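See below for the structure under consideration.
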Amino acid sequence: MNSFDFLSTKMYEFRVPPTLHFGPGCLGKVSGEAAKFGKRALLVTDLSMQKAGLVASAVNYLQAGGIEVAVYDGVNSEPTDKLIEEGLRIFRENGCEMVISLGGGSPIDAGKAIAAVATNSGRIHDFMGANKIPLPPAPIIAIPTTAGTGSEVTRVTIITDTANDVKMLIMSSLIMPQVAIVDPLLTLSMPPWVTASTGVDALTHAIEAYISKRAQPFTDVLALEAIRLMGKYLRRAWANPEDIEAKTYAMMASTLAGISFSNSSVALVHGMSRPIGACFHVPHGLSNAVLLPVVMEYNKMACPEKFALIAEAMGENVAGLPTAVAAQKAVDTVRQFCADLRIPHITKLKVTPEELIRLAPKMAEDAIISGSPANNPRQAGKEEIIELYKQLLLGA
Ligand SMILES: NC(=O)c1ccc[n+]([C@@H]2O[C@H](COP(=O)([O-])OP(=O)(O)OC[C@H]3O[C@@H](n4cnc5c(N)ncnc54)[C@H](O)[C@@H]3O)[C@@H](O)[C@H]2O)c1
Ligand SMILES: [Fe+2]
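Take the sequence shown: its position 116, counting from 1, is numbered 469 in this note's numbering, and each next residue is one higher.
So, in structure tokens, the structure goes:
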């Protein structure tokens, strides 16, 4: 079963960036694309990108194309309201006309937020929720260096409200980048734990987009292909960081998954993951990865046919199996996948059992407020979410 079954009864909207470059070496397209938006760019990035030489490569291409570049390399954590204010200051001081983000989801999300506040009055907090950005942001060119978030092709940015320890979900078609430049060569320098955690984030996007109540025929196709590619290539990309074929397919999977969830939605895993990130500063990919098998176990009874197809996409042979058995295979294969990638237990991520239990009610409330659990195929209220947080502590 997939969302095609409802084709005759629903309408769909599907948005992607106007321009997407993909493939090894396509970073070189950046100057030609930037020239379409002006002559002065803010490059939003982090220190790892400086160290890996990726900032120098991007700046060289841009300067050769006559673009002046101001570099803001301060996004050295998942982005906060304070980092956005600092980026905005540099954008304005340098009279920038566009934002170019280079990095993982953190610099890309920061760049989207800076571009939004640059053309609108107010603070980033004012835009929390869906469609709250009044005026079009400055043009955004997004260049990912992780095969994970898919932020280069999504209408989403996630910024931490530091006063309240909440990861604000900001969703608007206006922050869809004008240009995505997806060059797998930029992921070669990722440390293995980043390859694993960001790759499982992308797998989570694909699985949640596929089982979401907001899934649609176009997103199903992309989600299943993303699951298939991650299932086949992520372990290879993790085991051998120089395996360019595996890295290319992992990058394709993350971009497909990003397009898919941006037009469908994420669901309970992401709803529960953001509060873990905000309260315990666990990187996004890892908080998703510890949740994914537990939440899949919870969800499987709501859409067993879809779970059977997830198992098949992950490479399992489900021919002739009863649907419930095939659905269980999806859960088991994803649990083993995370184990193969050495995803640690939650208690190895600076999360103590006492604090998790103490904060679970607040985290459950924040998860529900984010809206993501409402898209989950199985209903989950505050009590169920608290129980799922507690289940993370099993098997320590
Ligand atoms: N906007 C969206 O659609 C969306 C979707 C999912 C997640 N997110 C957000 O994205 C953020 C996480 O992004 P992420 O998982 O890509 O991690 P990240 O950007 O925080 O990067 C993780 C670490 O890897 C390093 N790194 C990244 N690329 C590297 C490379 N090529 N070589 C060496 N080091 C590299 C970074 O410097 C950092 O230390 C979170 O804030 C999350 O909420 C956004
Ligand atoms: Fe994610």
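All residues carry an ideal CB built from backbone N, CA and C; glycine is no exception.
Predicted model, so just to flag it, every value in this text is computed and none were measured.
In the structure shown, the three-state DSSP call for Ser618 is coil.
The DSSP-derived three-state label of Leu455 is strand. For Ser459, the shortest separation between its Cβ and any heavy atom of ligand 1 lies below 6 Å. In this structure, the beta-carbon distance from Ser384 to Gly427 does not fall below 7 Å. For Ala409, the uninterrupted alpha helix (DSSP H) segment begins and ends at Leu407 to Ala417. Taking C-beta atoms under 8 Å as the contact rule, Leu694 and Trp591 qualify, at a distance of about 6 Å. By the neighbour-count criterion, in which 16 or more other beta carbons inside 10 Å mark a residue as buried, Glu658 falls on the exposed side.
A straight-line Cα-Cα distance of about 33 Å links Ser454 and Arg688. Under the DSSP assignment, Leu441 falls in the alpha helix (DSSP H) whose first and last residues are Asp434 to Glu446. By the neighbour-count criterion, in which 16 or more other beta carbons inside 10 Å mark a residue as buried, Ala483 falls on the exposed side. CA-to-CA, the gap between Pro371 and Val532 works out to about 7 Å. Going by C-alpha positions, Thr557 is about 16 Å away from Val506. If one requires a minimum length of 3 residues, no beta strand (DSSP E) run lies completely within the segment 680-731. Counted as a single uninterrupted DSSP element, the stretch harbouring Glu669 is not any alpha helix (DSSP H), since DSSP gives it neither H nor E. At least one heavy atom of ligand 2 lies less than 6 Å from the C-beta of Asp554. Here the alpha carbons of Met654 and Ala677 stand approximately 8 Å from one another. Annotation for Gly501 indicates a beta carbon within 6 Å of some heavy atom of ligand 1. Around the beta carbon of Ile710, a 10 Å sphere encloses fewer than 16 other beta carbons of the protein chains shown; the residue is thus reported as exposed. Around the beta-carbon of Pro432, 16 or more other beta-carbon atoms lie within 10 Å, marking it buried. Remark: three or more beta-carbon pairs, one from each stretch, lie closer than 8 Å, so the segment 536-556 and the segment 590-606 are flagged as touching. DSSP assignment within the segment 619-651 yields the following whole alpha helix (DSSP H) runs of 4 residues or more, N-terminal first: 621-633. Under DSSP, Ile511 forms a beta bridge with Leu522. Secondary structure in the segment 532-577: the alpha helix (DSSP H) runs of 4 residues or longer, each lying completely within the stretch, are 545-564 in chain order. Relative to the Cα of Ala491, the nearest Cα in the group Lys566, Val470 and Leu541 belongs to Val470. Beta-bridge analysis with DSSP links Ala471 to no other residue.
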